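Per numbering that gives the first Met the number 0, the sequence shown runs over residues 0 to 315. As structure tokens, the structure follows; a few thoughts come after it.
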Amino acid sequence: MRSPTIANIQTEAENRILGTIEGDPDGPTVIVVTGIHGNEYAGVDAAQNIFEMLDGIYPKINGRLIILRANLPALEHQVRYIDEDMNRLWFPAIIDQVRNTPEAQIESSERRQMKQLLTVLDGIERGTDGPIILADIHTFSAEGNMFSITNTDPRQRRLLSNLHVPMVFGIEKSLRGTALGYYQQQDFISFGLEGGQHENELTEYNITASLLLLLHAVGCIEKQYVAKIKEFERHLRSHTKHLPVETELVYQHIIEPGDEFKMRPGYSNFQPIKKGEWLASDSDGKIIAHTDGYILMPLYQNQGNDGFFIIKENEG
Ligand SMILES: [Zn+2]
Numbered sequence: 000m001r002s003p004t005i006a007n008i009q010t011e012a013e014n015r016i017l018g019t020i021e022g023d024p025d026g027p028t029v030i031v032v033t034g035i036h037g038n039e040y041a042g043v044d045a046a047q048n049i050f051e052m053l054d055g056i057y058p059k060i061n062g063r064l065i066i067l068r069a070n071l072p073a074l075e076h077q078v079r080y081i082d083e084d085m086n087r088l089w090f091p092a093i094i095d096q097v098r099n100t101p102e103a104q105i106e107s108s109e110r111r112q113m114k115q116l117l118t119v120l121d122g123i124e125r126g127t128d129g130p131i132i133l134a135d136i137h138t139f140s141a142e143g144n145m146f147s148i149t150n151t152d153p154r155q156r157r158l159l160s161n162l163h164v165p166m167v168f169g170i171e172k173s174l175r176g177t178a179l180g181y182y183q184q185q186d187f188i189s190f191g192l193e194g195g196q197h198e199n200e201l202t203e204y205n206i207t208a209s210l211l212l213l214l215h216a217v218g219c220i221e222k223q224y225v226a227k228i229k230e231f232e233r234h235l236r237s238h239t240k241h242l243p244v245e246t247e248l249v250y251q252h253i254i255e256p257g258d259e260f261k262m263r264p265g266y267s268n269f270q271p272i273k274k275g276e277w278l279a280s281d282s283d284g285k286i287i288a289h290t291d292g293y294i295l296m297p298l299y300q301n302q303g304n305d306g307f308f309i310i311k312e313n314e315g
């Protein structure tokens with residue numbers, strides 16, 4: 000007879016692994032992480048779409064696809080996090096501590112979730128050759144276009160250029176403790192995909208399209224879904240053609256506790272801004288742009304520690 004504890008653990012693991020597709024073992028390994036932030040469920044739905052499209056198709060995919068849900072209690076309550084931001088915890092010291100502490104003794108909900116997620120991620124067997132790719136899916140609170148958070152590693156750049164999604168460099172260095180940054184250090188091809196506004200109807204479609212193009216670009220699918228790939232490519236190209244292809248972070252506005260940060264209304268992703276423009280206010284007064292550029296992820300929700308980012312077109 001199963002004890003209730005074991006039953007719970009098994010259900011947790013089943014809930015966390017949204018789907019696994021095993022194809023030709025020599026191909027790439029693609030891991031899709033969704034729901035690190037629990038109010039960002041468009042990514043979960045998009046990943047589910049991809050799983051349903053590819054499960055049982057013939058010819059089989061090349062390599063393997065693993066789709067995960069990260070922060071189950073936050074997803075259940077549709078909040079960014081319960082105790083702390085799960086995408087600011089991926090420091091080697093915290094990871095070691097989480098690995099070495101029994102789950103019942105971990106006080107933070109997100110660290111318990113991290114421990115369970117690590118167990119799954121550690122157990123993923125890679126193909127004999129072929130890259131390992133981790134796509135971390137997010138959405139944001141403002142209006143505006145999707146983008147990817149990546150670094151200038153040529154492998155990442157080459158792969159992501161196939162997605163027709165604007166690339167933003169440098170965020171992974173300035174946002175400390177992200178899962179994507181940690182897995183970059185483990186030599187994964189690891190990037191963040193910010194698919195659109197949380198509640199926008201287009202967001203799920205954007206993410207579904209990008210994920211299928213990713214699987215095509217990396218060589219998981221070739222002959223399957225050719226018509227669909229063309230449709231998704233057309234959509235993403237037309238959606239992003241007026242945007243800079245590669246941009247770089249030049250400023251991150253960090254919110255400290257008690258700041259009473261308030262973004263001025265009406266800003267959206269990739270909206271051009273001018274030096275001297277009044278962007279937001281906090282307890283110290285007006286927050287003014289120190290440079291020209293584009294605004295990224297202006298914060299229009301209560302939970303979150305970054306007020307906005309400023310990016311510039313990459314000239315390098
Ligand atoms: Zn997020």
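Ideal Cβ positions, reconstructed from N, Cα and C, are used throughout, including at glycine. Just so it is clear, the structure is predicted and the values come from calculations on it, not from any experiment.
Reduced DSSP category for residue i - H, G, I as helix; E, B as strand; rest coil
i, result
"Met113", "helix"
"Thr118", "helix"
"Pro165", "coil"
"Gln302", "coil"
"Asn205", "helix"
"Gly292", "strand"
"Leu158", "helix"
"Phe231", "helix"
"Val225", "helix"
"Gly195", "strand"
"Pro264", "coil"
"Ser280", "strand"
"Phe307", "strand"
"Leu213", "helix"
"Gly143", "strand"
"Gly18", "strand"
"Leu174", "coil"
"Pro243", "coil"
"Met0", "Only weak support exists for where Met0 lies, its pLDDT of 35 falling under 50; the value from the coordinates is given anyway. Looking at Met0 - three-state DSSP - the assignment turns out to be coil, as it is neither helix nor strand."
"Gly26", "strand"
"Glu270", "First, the amino acid is wrong: residue 270 is Gln here, not Glu. Gln270 falls in the strand class under three-state DSSP."
"Gln183", "helix"
"Ser237", "helix"
"Ser189", "strand"
"Glu312", "strand"
Alpha-carbon spacing of residue i relative to residue j, whole angstroms
i, j, result
"Lys53", "Ile20", "The sequence shown places Leu at residue 53, not Lys. One C-alpha to the other measures close to 8 Å."
"Thr118", "Lys222", "34 Å"
"Val29", "Ile131", "6 Å"
"Ile310", "Gly292", "6 Å"
"Leu278", "Lys285", "8 Å"
"Pro256", "Thr246", "29 Å"
"Glu124", "Lys261", "45 Å"
"Pro3", "Arg154", "Caution applies to Pro3, whose pLDDT of 40 falls short of 50 and renders its modelled position unreliable; the model cannot decide the point."
"Gln302", "His36", "10 Å"
"Val167", "Phe146", "7 Å"
"Ser267", "Asn144", "8 Å"
"Ser160", "Gln104", "44 Å"
"Ile208", "Asp283", "Looking at the sequence shown, residue 208 is not Ile but Ala. The alpha-carbon atoms of Ala208 and Asp283 are separated by roughly 43 Å."
"Ile287", "Lys274", "8 Å"
"Pro27", "Tyr182", "16 Å"
"Gly55", "Leu64", "13 Å"
"Leu120", "Ile188", "14 Å"
"His163", "Thr100", "42 Å"
"Arg15", "Gly169", "30 Å"
"Leu192", "Met296", "13 Å"
"Phe50", "Asp258", "42 Å"
"Glu102", "Leu298", "33 Å"
"Ala6", "Gly22", "Per-residue confidence for Ala6 stands at a pLDDT of 49, beneath the threshold of 50, marking its modelled position as unreliable; the derived number appears in the next sentence. C-alpha separation (whole angstroms): 29 Å."
"His241", "Leu214", "25 Å"
"Ile272", "His289", "10 Å"
"Ala134", "Gln96", "25 Å"
"Gly34", "Pro72", "10 Å"
"Tyr40", "Gln300", "16 Å"
"Asp128", "Asp25", "6 Å"
"Lys172", "Thr149", "10 Å"
"Arg175", "Tyr250", "14 Å"
"Glu75", "Trp89", "22 Å"
"Asn313", "Arg156", "13 Å"
"Ser280", "Ser140", "18 Å"
"Leu158", "Arg236", "16 Å"
Residue-chain proximity (residue i, chain C), Cβ-Cβ < 8 Å
i, result
"Glu247", "Any reference to chain C falls outside this structure, which holds one protein chain only."
Contact belief for residue i with residue j at Cβ below 8 Å, rounded distance in angstroms
i, j, result
"Gln196", "Thr138", "7 Å"
"Lys227", "Leu210", "Wrong, their Cβ atoms sit about 12 Å apart, outside the cutoff."
"Asp305", "Ile253", "6 Å"
"Leu248", "Phe190", "That belief does not hold up - the Cβ atoms of Leu248 and Phe190 are roughly 14 Å apart, past 8 Å."
"Ala216", "Asn86", "Rounded, the Cβ-Cβ distance is 25 Å, inconsistent with contact."
"Gly18", "Gly194", "Not really, about 18 Å apart at Cβ, beyond 8 Å."
"Ile81", "Glu109", "7 Å"
"Val244", "Pro165", "6 Å"
"Cys219", "Asn61", "5 Å"
"Gln115", "Asn70", "So it is not a contact: roughly 10 Å between Cβ atoms."
Original post:
In chain order, which beta strand (DSSP E) runs of at least 3 residues are fully inside the stretch 41 to 97?
Top reply: Listed in chain order, the beta strand (DSSP E) runs fully inside the stretch 41 to 97 are 61 to 68, counting runs of at least 3 residues.
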